[in-house]
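The structure appears below as structure tokens.
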Amino acid sequence: MRTAIHRLRAGLVVLAFLILAAIPARRAPAVEPPDPAAVERGRKALLEGSYLRAEWADAAFTGASKFWGEPAPDPVADPDGYARAFGKRYGFHPAPFPNDGLPMGLKRSVRADGKTRGFQVDCMACHGGSIGGKSYVGLPNTQIDYTGFFADLFRADGRRSPLVPFVLNTARGTTNAGMMSVVLMSVRNPDLSMRPFPMPMGSNLPELDAPPWWVLKYKTKMYYDGRTPADSSRSIMQFLLAEKTADQFRELEPTFADIHAYLKSIEAPRYPFPIDQDAAGRGRAVFEKSCAGCHGTYGEMVDYPGEIVPLDVIGTDPARIAGLSDRFVEHYNGTWFAEKHPVDVDSERGYQAPPLVGIWASAPYLHNGAVPTLRTLLDSPRRPERYLRPPSTDFEHYDPRDVGWKFAEVPEGPTGAKEPRRLFDASRYGLDNGGHTFGDKLGEAERTDLIEYLKTL
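With the sequence shown counted from 1, adding 1468 to any position gets you my numbering.
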């Protein structure tokens, strides 16, 4: 049993970074800019700091290509070309900051022996993406393939992949940060000391789409269920549970308060294509009549209500709400993480309607990423049940008319595709594409005008 627990803990170290899928929502106060000094400290701490031991030797990065089944650039003669090919293979994007030759989402560190250099994943693996050839910190990563990445990297490092007691992702671009939090917490006592055996939590959370960081500034509650105060910098430290002691958490809290300030400073990228301003003006009227009650209003100031929409109203896949057990919430609320900002146990169970700033860049849509475009979001009969996600985030795969990613529907049965992990199947647990049918009542012209307005946010 001790061996099994040791392997479990090793797996937790590898995957703990997933927890920083902490995107934050009640009506938000006027957005006040965070302290510039804290923002700069947080930026440096996030982009330059390394908070987990290296999991893989440097040789695993250059050696992973032997499992690709296709030629790869020489990592010595063409290191930049190799890094791009590595990123495309596993869904990492070029870093828009100095990163020691690694794609965004990977970080140099020191291994457990305290001497050997290697690398580890960090929070930009989920929250660092690109669109149209430009990378952004805080943009959801819709290409990441954790399952393929971990399988190849452990083999390249001469080891077997650790056993993980839940599904990481079934399709590129989804993550299961929620279950990672559950598993990490299950091996900690309320004082954050390690337990000899995991505590049964009874949770079964599904894979999800990572939300953008730039919406945090508008929120008073975070996560998809809107039950955790958005001011909690401790909640974004859960990914450290694989290694850190209670004292180390307390020492790092000021650093993560600065990182939290930096996250609140991030701005959404602006829509890069021409916008029909007349249509957008008509679309604003449609939005304020049909959408603003939940999603807020936008202009020089954002008025965001942080509405929690009950499951029987929103109708989207309930697995994220039903899969988080009361036992886990009770345990979490008894720890240091919740001393200042406990999870709300009395709030309505449902999904919070997110702010829509930068919505053009954050496709696919719904909390599970089941809907590829805004037009299919607003016209539910047109949503594909099985489709291939795009092979890259270049603009050749972007649909500026429907706003989102071009997709190819796939019939039931084997895909026959070269990259079967691009297949998104809405019949899988937690990935249903139903619900949010409010746009069905609109006419096609109203839908088109509304989409044009959403491009302006």
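Idealized CB from N, CA, C, for every residue including glycine.
Check                                                                                                              : Outcome
Given 8 Å, three or more beta-carbon pairs between the segment 1824-1833 and the segment 1733-1742                 : yes
Exposure label - Asp1590; buried when at least 16 CB within 10 Å                                                   : buried
DSSP beta-bridge partners of Tyr1897                                                                               : DSSP, once it has assigned bridges, lists no residue as partnering Tyr1897.
Where the beta strand (DSSP E) containing Leu1856 begins and where it ends                                         : 1854-1856
Thr1784 versus Lys1602: straight-line alpha-carbon distance, rounded                                               : 32 Å
Spatial distance of Tyr1614 from Phe1535 (CA atoms)                                                                : 15 Å
CA-to-CA distance, Ala1894 to Gly1694, given in whole angstroms                                                    : 24 Å
Arg1585 burial status per 10 Å Cβ neighbour count (16 or more: buried)                                             : exposed
Stretch-stretch touch, CB-based, cutoff 8 Å, three pairs: the segment 1801-1812 with the segment 1646-1661         : yes
Burial state of Met1769 (16 or more Cβ within 10 Å)                                                                : exposed
Segment limits, beta strand (DSSP E) that includes Ser1577                                                         : 1574-1578
Cα-Cα separation, Ala1593 to Val1635                                                                               : 17 Å
Contiguous alpha helix (DSSP H) assignments of at least 4 residues, all confined to the segment 1582-1612          : 1592-1595
Backbone secondary structure at Ala1698 - three-state DSSP                                                         : coil
Within 7 Å, strictly: CB atoms of Ala1624 and Ala1532                                                              : yes
Pair within 7 Å by beta-carbon distance, Ala1698 and Met1690                                                       : yes
Extent of the continuous beta strand (DSSP E) to which Tyr1519 belongs                                             : Tyr1519 -> no beta strand (DSSP E), and no H or E assigned at all.
Classification of Arg1854 by the beta-carbon crowding that lies within 10 angstroms, buried from 16 upward         : buried
Inter-residue spacing [alpha-carbon to alpha-carbon] between Arg1629 and Tyr1730                                   : Reading off the sequence, residue 1629 comes out as Ser, not Arg. About 34 Å.
Supposed close pair Gly1596, Leu1607 - CB separation, criterion 8 Å                                                : 7 Å
Span separating the alpha-carbon of Arg1930 from that of Trp1873                                                   : The requested residue 1930 does not occur in the structure, where the chain is confined to residues 1469 to 1925.
Distance, Ala1545 Cα to Leu1899 Cα                                                                                 : 42 Å
Alpha-carbon spacing of Lys1556 relative to Ser1860, whole angstroms                                               : 7 Å
Proximal residues to Val1878 (C-beta, below 7 Å), its chain only, five neighbours per side dropped                 : Arg1854, Tyr1855, Leu1856, Leu1891
For Glu1508 and Leu1574, the rounded distance between their alpha carbons                                          : 21 Å
N-terminal and C-terminal residue of the beta strand (DSSP E) that Pro1722 is part of                              : Unbroken run through Pro1722 is the alpha helix (DSSP H), 1714-1733; no beta strand (DSSP E).
For Ala1747 and Glu1920, believed in contact at Cβ under 8 Å, the rounded distance                                 : 4 Å
Cβ pair Leu1779, Pro1786 closer than 7 Å                                                                           : yes
Per-residue DSSP class, three states only, for Trp1873                                                             : strand
Runs of beta strand (DSSP E) lying entirely within the segment 1638-1706, each at least 3 residues, in chain order : none
Ala1580 beta carbon less than 7 Å from that of Met1572                                                             : no
Distance CB(Pro1810)-CB(Tyr1772) smaller than 7 Å                                                                  : no
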